[in-house]
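Below is one structure; the comments refer to it alone.
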Amino acid sequence: PEEFEMIILTLKAKPLLETSSGPYIVVALQECGRMNVLLKEIKRSLSDLYKGLKGQLNMSQEMEDLLAALKINQWPGRNPFSKCSWEKLAWPSQKN
8 PEEFEMIILT LKAKPLLETS SGPYIVVALQ ECGRMNVLLK EIKRSLSDLY KGLKGQLNMS
68 QEMEDLLAAL KINQWPGRNP FSKCSWEKLA WPSQKN
């Protein structure tokens, strides 16, 4: 998915910040920013993995860990020894 346009969202949210739902708007904006960081990392690492599989890049340990996690249908980074950083940027979850 495309990243959130934070400037547009902030401009649209500005009038709502003065209402009683202001704190919720602030949290929503923060979560959109956090999701953008996660989406950038996912896109970057998947692009690097694709290039590595095609032979355009040398396979790094991070790419190997990402590939291993995707093969077993696991969120990359669940393994504590994994170099892939999706788990560090994502919301905490107990779901496998």
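Counting in our numbering, the sequence shown runs from 8 upward without gaps. Where a beta carbon is used, it is the ideal one built from N, C-alpha and C, also for glycine.
Report task. Count the C-beta pairs between the stretch 30-39 and the stretch 80-88 that are closer than 8 Å, then say yes if the count reaches three, no if not. Result -> Remark: fewer than three beta-carbon pairs, one from each stretch, lie closer than 8 Å, so the stretch 30-39 and the stretch 80-88 are not flagged as touching.
**Report entry** Exposure of Met13, with buried meaning 16 or more beta-carbon neighbours within 10 Å
**Finding:** So Met13 ends up on the exposed side.
Report task. Assuming Leu64 contacts Cys91 (C-beta within less than 8 Å), just tell me the rounded distance between them. Result -> Contact doesn't hold; Cβ gap of about 15 Å is too wide.
Query raised in the report: What is the DSSP secondary structure of Ser52, counted as helix, strand or coil?
Result: It is helical.
**Report entry** Between the CA atoms of Lys61 and Gln68 - distance to the nearest angstrom
**Finding:** Between the C-alpha atoms of Gln68 and Lys61 there is a straight-line separation of about 16 Å.
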